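Visitor: Questions regarding the structure given below will be posed in turn.
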Amino acid sequence: MNPAQYKHFAVVDYVIFALLLAASVAIGLYYALSGGRQRTTQEFLMADRSMHCLPVSLSLIASFQSAVAIIGVPAEIYAHGTQYWFIGCAYILGLLIPAHVFIPVLYRLHLTSAYQYLELRFSKTVRICGTLTFIFQMVVYMGVCVYTPAFALNAVTGFELWGAVLATGLVCMLYTTIGGLKAVIWTDVFQTVVMFAGQLAVIVVGVQRTGGVSEVWRKVLEGNRISGVDLNPD
Numbered sequence: 000m001n002p003a004q005y006k007h008f009a010v011v012d013y014v015i016f017a018l019l020l021a022a023s024v025a026i027g028l029y030y031a032l033s034g035g036r037q038r039t040t041q042e043f044l045m046a047d048r049s050m051h052c053l054p055v056s057l058s059l060i061a062s063f064q065s066a067v068a069i070i071g072v073p074a075e076i077y078a079h080g081t082q083y084w085f086i087g088c089a090y091i092l093g094l095l096i097p098a099h100v101f102i103p104v105l106y107r108l109h110l111t112s113a114y115q116y117l118e119l120r121f122s123k124t125v126r127i128c129g130t131l132t133f134i135f136q137m138v139v140y141m142g143v144c145v146y147t148p149a150f151a152l153n154a155v156t157g158f159e160l161w162g163a164v165l166a167t168g169l170v171c172m173l174y175t176t177i178g179g180l181k182a183v184i185w186t187d188v189f190q191t192v193v194m195f196a197g198q199l200a201v202i203v204v205g206v207q208r209t210g211g212v213s214e215v216w217r218k219v220l221e222g223n224r225i226s227g228v229d230l231n232p233d
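Numbering that gives the first Met the number 0 puts the first residue of the sequence shown at 0, with every later residue one more than the last.
Next up, the structure:
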């Protein structure tokens, strides 16, 4: 594609983007200045155990709907078909079993993290090993999660990659550190609504520009992008 054909942000796009970042920071500031002001570990890390099911559920959805998933999964399915849906089958067991077996135990023990249980059940060495492994995993994973939206911003705004990484990283770090878990949860709720609205808009506009649902389905079948049960490791 010719560089002249690339679509870049207009003024209204920059305004909306700035408002989204400002809203996230505002949520963090609100919880930093209200209630217990995040002065206790219980409030900062556990939100006083006062959050209801709906916001927590939406927050978990936002955690799974990372930039890697939003940008990478459509590309994966476009290139290789809908075989990716098998990961949803794995989530059924991977989430239901911990939810009904492990989490009730941790909740009754009033633990801050699962790594405390490792020390109680085994030893401090096991806890340290588990903690270090998780930290290493998250450092690598969060690097990818921050780089991916920065790469997308670079494509539509012309921002330098380092600037986009710095801006998004600072905003996330700010509302997390000053607002605690309550800020994280309610920011995730806000971002989940924005993500679903954006994905719905992309679907609607994409279907309209393609020529309707029937035309989309015809092209999908023509491109052999609907995958059934295929257990071939290749």
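Glycine is no exception: its CB is placed at the ideal position from the N, C-alpha and C atoms. Predicted model, so just to flag it, every value in this text is computed and none were measured.
From the DSSP output, in three-state form, read off residue 214 for me.
Guide: As a position in the sequence shown, residue 214 is number 215, starting the count at 1. Of the three classes helix, strand and coil, the one that applies to residue 214 here is helix, per DSSP.
Visitor: Answer with buried or exposed for residue 57, where buried requires no fewer than 16 other C-beta atoms within 10 angstroms of its C-beta.
Guide: Walking along the sequence shown from the start, residue 57 turns up at place 58. Buried, by the Cβ-count rule.
Visitor: Have a look at 194, 219, 195 and flag the residue whose alpha-carbon is nearest the alpha-carbon of residue 206.
Guide: What you label residue 206 is simply residue 207 of the sequence shown in a count that begins at 1. Ranking the options by Cα distance to residue 206, first place goes to 219.
Visitor: Counting only runs of 4+ residues fully inside the region 8-79, write out the alpha helix (DSSP H) ranges in chain order.
Guide: List check, alpha helix (DSSP H) in window: 10-32, 40-45, 52-63, 66-79.
Visitor: So, under 8 angstroms CB-CB, residue 44 and residue 180 are touching, yes? Tell me the CB distance rounded to an integer number of Å.
Guide: Numbered from its first residue, the sequence shown carries residue 44 at position 45. Numbered from its first residue, the sequence shown carries residue 180 at position 181. Going by Cβ atoms, the distance from residue 44 to residue 180 rounds to 6 angstroms, so yes, they are a contact pair.
Visitor: Quick check: residue 146 and residue 164, are their CB atoms within less than 8 angstroms of each other?
Guide: Counting from 1 along the sequence shown, the entry for residue 146 is found at position 147. Counting from 1 along the sequence shown, the entry for residue 164 is found at position 165. The answer is yes: Cβ separation under 8 angstroms.
Visitor: Whole alpha helix (DSSP H) runs in the region 113-154 with 4 or more residues, listed along the chain?
Guide: If we require 4 residues or more, the alpha helix (DSSP H) runs fully inside the region 113-154 come out as 113-120.
Visitor: Find the nearest neighbour of residue 187 within the set 31, 29, 12, 64, judged by alpha-carbon distance.
Guide: Taking the first residue of the sequence shown as position 1, residue 187 is located at position 188. Checking every option, the nearest Cα to that of residue 187 belongs to 64.
Visitor: Counting beta carbon pairs with one atom in the region 203-217 and one in the region 82-89, are three or more of them shorter than 8 angstroms?
Guide: Contact between the region 82-89 and the region 203-217 is absent, because fewer than three Cβ pairs lie under 8 angstroms.
Visitor: May I ask you to report which of helix, strand or coil DSSP gives residue 159?
Guide: Mapped onto the sequence shown, residue 159 falls at position 160. Reduced to three states, the DSSP call for residue 159 is coil.
Visitor: With residue 86 as the anchor, note down where its alpha helix (DSSP H) starts and where it stops.
Guide: In the sequence shown, counting from the first residue as 1, residue 86 sits at position 87. 85-96 is the span of the alpha helix (DSSP H), which, as asked, contains residue 86.
Visitor: Taking the C-alpha atoms as reference points, what is the distance between residue 158 and residue 14?
Guide: Taking the first residue of the sequence shown as position 1, residue 158 is located at position 159. Taking the first residue of the sequence shown as position 1, residue 14 is located at position 15. Near 15 angstroms, if we compare the C-alpha coordinates of residue 14 and residue 158.
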